[in-house]
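Take a look at the structure below.
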Amino acid sequence: MKKILKNGFYLLFPLIIGGIVSLLIANSIDYNELIKPPLTPPSILFPIAWTIIYLLMGISFYLLNTKYKDDITYESIIYYIQLFINAMWSIIFFLLKWRFISCIWILLLDIFVIYMIYLFYRKCKISAYLNTFYLLWILFATYLTIGIFILN
């Protein structure tokens, strides 16, 4: 039973964090009122994409833990730091409306996710590959964040 709970934690933790952040910022989202750069997707796409990303992130960390549970302390630290940075971006951008800080913050997220993928790749390639969509999405989000800052 303990193993099932632990594995469930690895799989669902990103979704839980994303859900909590969504609840915190729900009444502060002003996305539709902002001037957005070209190629901005419809707002309905964001919860769908993030749900998939959080699931893939959880699966990747679960696989890493399953294969290297005693030898991933550093990788785990980087994983949880990037998850924290990810969660805080939404709070900085939507709740606090600190658009310039959110630009810097998302660049920090880009760096940590690239580094996390590199670390995962050294141990478990599939764990790294599962985060490819995440990296592409946050690089696109970086473009959107900087574009929104400039246009507003």
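Position 35, counted from 1, in the sequence shown is what numbering that gives the first Met the number 0 calls 34; the numbers after and before it change by one each time, with no gaps.
We put the CB at the ideal spot given by N, CA and C, even for glycine.
Nearest residue (CA-CA) to residue i, options the options
i    : options                   : result
E74  : G7, F92, S59 and A86      : S59
F99  : I149, S42, L138 and C123  : I149
N151 : D29, L129 and L22         : D29
Y114 : I125, I103, W104 and N130 : N130
L11  : F93, K2, M56 and I105     : M56
A86  : I3, G17 and Y9            : G17
K2   : S42, P40, F111 and Y61    : Y61
D69  : F139, K122 and W97        : K122
I90  : I80, W104 and Y79         : W104
Q20  : L95, K124 and I71         : As written in the sequence, residue 20 is Val, which differs from the Gln given in the question. Out of L95, K124 and I71, L95 has the C-alpha closest to the C-alpha of V20.
K124 : W49, E32, S27 and Y67     : Y67
I77  : A48, K5, I51 and F119     : F119
Burial state of residue i (16 or more Cβ within 10 Å)
i    : result
L108 : buried
T65  : exposed
Y53  : buried
S101 : buried
M0   : exposed
P46  : exposed
F83  : exposed
L25  : It is worth fixing the name first, because residue 25 is Ala in this sequence and not Leu. So A25 ends up on the exposed side.
P37  : exposed
I43  : exposed
T144 : buried
Y9   : buried
L63  : buried
Span of the alpha helix (DSSP H), counted from its first residue to its last, around residue i
i    : result
L150 : T131 to L150
Counting only runs that start and end within the segment 23 to 102, where is the alpha helix (DSSP H) found for 4 or more residues in a row?
-> Listed in chain order, they are 44 to 67 and 72 to 89.
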